[in-house]
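Below you'll find the structure, written out as structure tokens, and then a few comments.
Residue numbers (the working numbering): 3 to 261.
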């Protein structure tokens, strides 16, 4: 199509509010100068089958979506709207403040879909700080998280010990072993294991409050004595066994795993 012919198409475009034109035949551009074989002033796409500009593709404009919590899921409203959950569909959004529960999204009212990590485990709301950019891609029956940042995904009050584990900064009030385990579960976390506490204590020196002021419960047991274990009293390597009975209490820290 020559530049003159293209100009005619754009004259028609000027009458359309969306800046898109429907052509019921193949469009051929045959000008001998490659620089002249182009369509100019293409408007923003408003449908899934519309053309998009190079600028729109580069900036990822069509991947971004407003997001807000709606009941048990995050309501996403990308524009143009999705016609269905097609494999490979990718979306990005700023996460709102989320409840401590498995994350689900509902795109354009198409129904809830789970959001999982690459290993299939659910993304937990407590792992996502409000304002975090989430990049998700639809595969099979769920959206899979493509983005990852340990510091962004650590729950409030936790620090990343490495790219897979976050540990609570503050020592938690004394409870018995069973209460401590339940307390951590309520935070979408778990009582720190011995390797986790040892590693975090060593790597986060000076960043953890009240470290080495008391024995702390760890998620470990000494089966030969039917007791639970505690650690980090005098040094990061301190460890002892203690009775796992309701009357015995100790402080502790919770750990959260990243994926």
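Ideal Cβ placement from N, Cα and C applies to all residues, glycine included. Please read all numbers here as calculations on a predicted model, not as lab measurements.
Report the three-state DSSP secondary structure of residue i (helix, strand or coil).
i	result
residue 233	strand
residue 158	coil
residue 192	strand
residue 30	coil
residue 176	strand
residue 253	strand
residue 131	coil
residue 243	strand
residue 168	strand
residue 213	coil
residue 80	coil
Going by CA-CA distance only, name the one from the options that's closest to residue i.
i	options	result
residue 262	109, 142, 178 and 238	Missing from the structure shown is residue 262; the chain here goes from 3 to 261 and no further.
residue 161	228, 179 and 199	199
residue 232	203, 224, 220 and 238	220
residue 146	177, 94 and 245	94
residue 172	157, 119, 32 and 80	157
residue 110	86, 96 and 123	86
residue 209	227, 169 and 226	169
residue 194	188, 222 and 96	222
residue 163	130, 204 and 182	204
State the Cα-Cα distance for the pair residue i and residue j, rounded to the nearest angstrom.
i	j	result
residue 2	residue 218	Absent from the model: residue 2. The displayed extent of the chain is 3 to 261, so no value can be given.
residue 70	residue 201	37 Å
residue 153	residue 224	Low confidence applies to residue 153: its pLDDT is 43, below 50, so where it sits in the model is not reliable enough to give any reading.
residue 38	residue 30	12 Å
residue 234	residue 65	47 Å
Determine whether the beta carbon atoms of residue i and residue j lie at a separation below 8 Å.
i	j	result
residue 144	residue 108	no
residue 102	residue 128	yes
residue 148	residue 138	yes
residue 214	residue 196	no
residue 165	residue 258	no
residue 118	residue 106	no
Within 10 angstroms of its Cβ, does residue i collect 16 or more other Cβ (buried), or is it exposed?
i	result
residue 247	exposed
residue 180	exposed
residue 255	buried
residue 175	exposed
residue 16	Annotation note: pLDDT 37 at residue 16 (below 50); position unreliable, no value reported.
residue 74	exposed
residue 167	buried
residue 67	buried
residue 99	exposed
Using a Cβ-Cβ distance cut-off of 8 Å, determine whether residue i contacts chain B.
i	result
residue 139	The chain labelled as chain B is not found in the depicted structure, where only one protein chain is given.
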